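Chemist: I have a structure here, written as structure tokens, and I will follow up with some questions on it.
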Amino acid sequence: MKVLVTGAFGNLGQLVVEQLLADGHQLRCCDLDAPQQRQLAKPYQARCEILLGDITDSTQHAALVDDMDAIVHLASMLPPLTERAPAVAHRVNVDASCSLIDQAQAQSRAPLFIFPSSVTVFGHSQRQAPLRHCADPVIATDKYTEHKLAVEQYLQQSAIPWVIMRVGVSVDARTTRTEREVLRQLLAIHPDTPLEYIHPRDVALAISRALSCPAAQAKTLLLGGGERCQINQRQFINTAFQALGLPLPEGIHGQANFYTHWMDTRESQALLNYQRHSFEDYQQEMHMLFANVRRLLWPLRPILRPLLPTVLKQL
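My numbering puts the first residue of the sequence shown at 1227, with every later residue one more than the last.
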């Protein structure tokens, strides 16, 4: 298939591109025209059509979707940027997405549109009833979820074939830089808040398999890692600290609510058979990544561990 991938050189985009190429698809890769993206695009120049530019420039969208069999629309702004710059985020997340959908509808042969949404559209977590089902009610709790739901609705009302994927928390060992504001927010969350992890490689596999799965079309699927990835916020946040040999101290977490959940992924797994990694795989990746740092810090642990609560509370 001829597939347009927007946001092709982001963390998830790179894995999607690799998976789609491995599965024999012809790719048109679109991303921001910036130094980092230009560098990341270089290894793919011989294997893909590369188009770098501004996703909010709707005058370019007709050329992007022309002669494509499918569109995998990954380009987006994420929190906290969506909350800091809501107008810009709306242009990227909503206006650009709707314009691409419009251009897809204008094609003589409408391409399949795959849109990764987010589990966060289910609203605040429910610790006593953590499992979310596809038919559960949704609610926007910030600009990011407002944008996701707006595009979901626009796509569902369109005349093109589509698949919506509400994706769980998806990071890997490449995602180690965390803004101070984000870490402060994560530590404020109640430690028992449910969270379903999914490895980005499994998301990429699900996206690729959806291209050849007619039964997935016109469905909103929940993408998570399954029972082996159903954890809580403390386990998730503690992974990086444990990899450094400095596990989080007890009592460091707040009591705030958040919008992560466990998910009923039976339908998506039955259709796409994508669940390959467990949360332990992610923990092992992080453990290996920080092995040298951990060895350097090991003699200092008696000094660092008592200081850690004070440092974290001053974030």
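All C-beta atoms in this analysis are idealised placements derived from N, C-alpha and C, irrespective of residue type, glycine included. Please read all numbers here as calculations on a predicted model, not as lab measurements.
1) Figure out for me which residue from Leu1421, Leu1253 and Pro1473 has the closest Cα to the Cα of Gln1352.
2) Could I get the ranges of all uninterrupted beta strand (DSSP E) runs contained in the stretch 1332-1357, with 3 residues as the minimum, in chain order?
3) Give me the residue from Gly1450, Arg1427, Leu1497 and Arg1403 with the minimum Cα distance to Ser1438.
4) Which of helix, strand or coil does DSSP assign to Pro1426?
5) Given this structure, state the Cα-to-Cα distance separating Ile1529 from Pro1417, to the nearest angstrom.
6) Taking the beta strand (DSSP E) that Gln1252 falls in, what are its first and last residues?
7) Could you tell me the alpha carbon to alpha carbon distance between Ala1315 and Thr1308, rounded to whole angstroms?
8) Using the Cβ count rule (16 or more neighbours within 10 Å means buried), how would you classify Gly1452?
9) Helix, strand or coil for Pro1363? Go by DSSP, reduced to three states.
10) Taking Cβ positions, are Met1294 and Gln1240 nearer each other than 9 Å?
11) Going by C-alpha distance, which of Leu1278, Val1429, Tyr1370 and Asp1249 is nearest Ala1313?
12) To the nearest whole angstrom, what separates the beta carbons of Phe1341 and His1299, a pair I think is in contact under 8 Å?
13) Whole-angstrom Cβ separation of Ile1478 and Pro1535, contact assumed at under 8 Å?
14) With three or more beta-carbon pairs closer than 8 Å as the criterion, would you say the stretch 1280-1287 touches the stretch 1467-1481?
15) Within 10 angstroms of its Cβ, does Asp1259 collect 16 or more other Cβ (buried), or is it exposed?
16) Within its chain, find whatever has a CB closer than 7 Å to the CB of Met1512; leave out the 5 residues flanking it on each side and keep chain order.
17) Bridge partners of Pro1420, per DSSP?
18) Below 8 Å CB to CB, which residues in the same chain sit around Leu1541 once its five sequence neighbours on both sides are set aside?
19) Does Glu1405 come out as helix, strand or coil in the three-state DSSP assignment?
20) Would you tell me roughly how many angstroms separate the C-alpha atoms of Phe1235 and Val1229, rounded to the nearest one?
21) Under DSSP, the alpha helix (DSSP H) around Arg1291 begins and ends at which residues?
22) Where does Asn1518 land, buried or exposed, given buried means 16+ other C-beta within 10 angstroms?
23) Have a look at the DSSP bridge pairing and note the partners of Ile1463.
24) Do Thr1367 and Thr1419 have their C-beta atoms closer together than 9 Å?
25) Any idea if Trp1388 is buried or exposed, counting beta-carbon neighbours within 10 angstroms, 16 or more meaning buried?
26) Can you give me the Cβ contacts of Cys1324 inside the same chain, cut-off strictly under 6 Å, excluding the 5 residues immediately before and after it?
Modeler: This is what the structure gives:
1) Among Leu1421, Leu1253 and Pro1473, the Cα nearest to that of Gln1352 is on Leu1421.
2) With a minimum length of 3 residues, the continuous beta strand (DSSP E) runs that stay inside the stretch 1332-1357 are 1338-1344.
3) Nearest option by C-alpha distance: Leu1497.
4) Pro1426: helix per DSSP, three-state reduction.
5) Counting only the Cα atoms, Pro1417 lies some 25 Å from Ile1529.
6) Where Gln1252 is concerned, the enclosing beta strand (DSSP E) stretches over Gln1252 to Leu1258.
7) Roughly 5 Å separates the two Cα atoms.
8) Buried, because 16 or more other Cβ atoms sit within 10 Å of the Cβ of Gly1452.
9) In the structure shown, Pro1363 sits in coil (DSSP, three-state: anything other than H, G, I, E or B).
10) Going by C-beta atoms, Met1294 is not nearer than 9 Å to Gln1240.
11) For the residues Leu1278, Val1429, Tyr1370 and Asp1249, the minimum Cα distance to Ala1313 belongs to Tyr1370.
12) With a Cβ gap of about 5 Å, Phe1341 and His1299 count as contacting.
13) Indeed, because the Cβ distance is near 6 Å, the residues count as touching under 8 Å.
14) No: fewer than three Cβ pairs fall under 8 Å.
15) Result: exposed.
16) If you ignore the 5 residues before and after Met1512, its C-beta comes within less than 7 Å of the C-beta of Ala1399, Thr1465, Ala1466 and Ala1469, all in its own chain and listed in chain order.
17) When beta bridges are read from the DSSP output, Pro1420 appears opposite Asn1458.
18) Arg1406, Leu1409, Arg1410 and Leu1413.
19) Judged by DSSP in its simplified three-state form, Glu1405 adopts coil rather than helix or strand.
20) Roughly 15 Å between the two C-alpha positions.
21) First, the amino acid is wrong: residue 1291 is Val here, not Arg. Boundaries of the alpha helix (DSSP H) harbouring Val1291: His1287 to Val1291, taken from the DSSP string.
22) In the assembly as shown, Asn1518 is an exposed residue. Its beta-carbon has fewer than 16 other beta-carbons within 10 Å.
23) Looking at the DSSP output, Ile1463 bridges to nothing.
24) Pairing Thr1367 with Thr1419 gives a Cβ-Cβ distance that is not under 9 Å.
25) Trp1388 is buried by the Cβ-count criterion.
26) When the five nearest sequence neighbours on each side are left out, the beta carbons in the same chain lying within less than 6 Å of the beta carbon of Cys1324 are those of Tyr1380, in order along the chain.
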